[in-house]
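Each residue of the sequence shown is one higher than the one before, counting from 1 in full-length UniProt numbering.
For each residue, glycine too, the CB sits at the ideal point set by N, CA and C.
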Amino acid sequence: MGNALGCAGLGERLAASARNGDAAEVRRLLEENPGLARCAAVGSSLNSPLHLAAAKGHHEIAALLLENGAEVNARNLSGETALMQACRFGHWEVVQTLLVFGCNVSKVDSLSGQTALHLAAAGGHATCVRLLLAGAGAGRNKLVNRAASGGVTALHLAALHGHADCVHLLVDERADVAAPTLPCTAAPMAAIGAGSAPLHYAAAGGEVRCCQILVARGADRAAANCNGQVDPVGRGQDVGLPVAGARPVPRVSPAHPQVPALRLPLVAARQRARPRKGLPPASQHGAAGQRRRRRLRGLPGKTL
C-alpha cells in the first residue's frame, strides 16, 4: 500500500515536470526511481507523463521517458495515444521522437475513431502529416483513407478547415477524393449531410482553394450528397473554376512532392531504438541516450 502511494506521488511529480518542460527534474526523478516512467497514468483523463510532454511539445522529455521504459502506445481515458496529442497541437519534433521509438500510427481513439492523421489534417499540421505518412510505410494507403466515425477521412477534415497544403499532401498519397460520409449525428457531419465527399466539406467551409485542388484531382462537381446538395455553400458558385486572382492548381503540389520525397530514415532509426525489457535508469545509459538524441536531431523536420 505504501509503495503504491509512493509511486502515485512520484508519478504526479513526474507528470507535472513533464507537462511543465522541466527536463532536469524529469531526469532526476527517473535516475532516482527506476521504472517510474512506467507508472500508471495520473489525473481524471488518465494521461501519462508521455501524453503530457507530447501535448506540450517537449520532445526531449518525451525521449527521456521512452528511454526509461514509458509505453509509447499508452492510451488515456479517451483512447488517445501520445502521438495523437502531439499531432493535435502540431508538435512535429515529438512525432519524430515517437516514430523512432516505434509508435503505432494506425491507432484510433475510442470516442470518434480518429487516427493521429485525422488530428494532424484537421489542424493543418502539414509536417506532422508528412511524418505520419512516411512512418506508415507499406500501410500508407490504408492509413490515408482510414475513415473515422461517420465515414470522415483525413481529407474531409483538411478540406473543411481550408488546409490546402494538407489537401495536396493527402491527394498526392492517393486519398480518395470521392469518399462518401455516413449518417452521423455529430457536428459538423450532421449539418453537411451523409454521402458527402471531401469537395462538399471544402464547399461547406467556404474553402475555394481546397475545392479547386480537389476538382483538379478528379472530384466530381456534380456529385450530390443525401440532401441533394451539389454546392453546400449555397452561393451558386462553381467552386471548381478558378476565381479572380487564384493561381493555377498543379497536379502535384510543388511544396509537397509525391511519395519518393516522403522517404525518411525512420526504419533504420526505429530498428536501433527498439524497446528493450528491463531498461536501466537514465544514469546507466547516458551514452546511449545521447546517441539516440543525436539521431533525433539528425532526422529531417521542417525541411523534409
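| Asked | Found |
| --- | --- |
| Same chain, Cβ closer than 6 Å to Val95, neighbours up to 5 away in sequence not counted | Ala86, Cys128, Leu131 |
| Distance cut-off 7 Å: Ala54 Cβ against heavy atoms of the ligand ADP | Among the components of this structure there are no ligands whatsoever, and the ligand ADP is therefore not found. |
| Start and end residues, alpha helix (DSSP H) containing Pro198 | 198-204 |
| Buried versus exposed, by CB contacts within 10 Å (16 or more), Ser253 | With a pLDDT of 43 at Ser253, under the threshold of 50, the predicted position of this residue should be treated as unreliable, though the coordinate-derived value follows. So Ser253 counts as buried. |
| For Asn47, the residue or residues it bridges with in DSSP | Val42 |
| Segment contact flag, the segment 60-74 with the segment 108-117, C-beta cutoff 8 Å, min 3 pairs | no |
| Neighbourhood of His125 by C-beta distance below 6 Å, restricted to the same chain and skipping five residues each side | Gly90 |
| For Gly90, three-class secondary structure by DSSP | coil |
| Among Gly135, His59, Gly205, nearest to Gly162 - alpha-carbon criterion | Gly205 |
| Val177, enclosing alpha helix (DSSP H) - first and last residue | From DSSP, Val177 is part of no alpha helix (DSSP H); its letter is neither H nor E. |
| Asn20 and Ser45 closer than 8 Å at C-beta | no |
| Nearest-angstrom beta carbon gap, His200 and Ile213 [assumed within contact, 8 Å] | Between His200 and Ile213 the Cβ distance is about 14 Å, and since that is not below 8 Å, they are no contact. |
| Exposure of Ala246, with buried meaning 16 or more beta-carbon neighbours within 10 Å | Confidence at Ala246 is low in this model, with a pLDDT of 34, below 50, so the placement of that residue should be treated as unreliable; the coordinate-derived value is given next. With fewer than 16 Cβ atoms within 10 Å of its Cβ, Ala246 is classed as exposed. |
| Coarse secondary structure for Ala154, derived from DSSP in three states | helix |
| Neighbourhood of residue 366 by C-beta distance below 6 Å, restricted to the same chain and skipping five residues each side | Residue 366 lies beyond the stretch modelled for the chain, which goes from 1 to 304, so this question has no answer here. |
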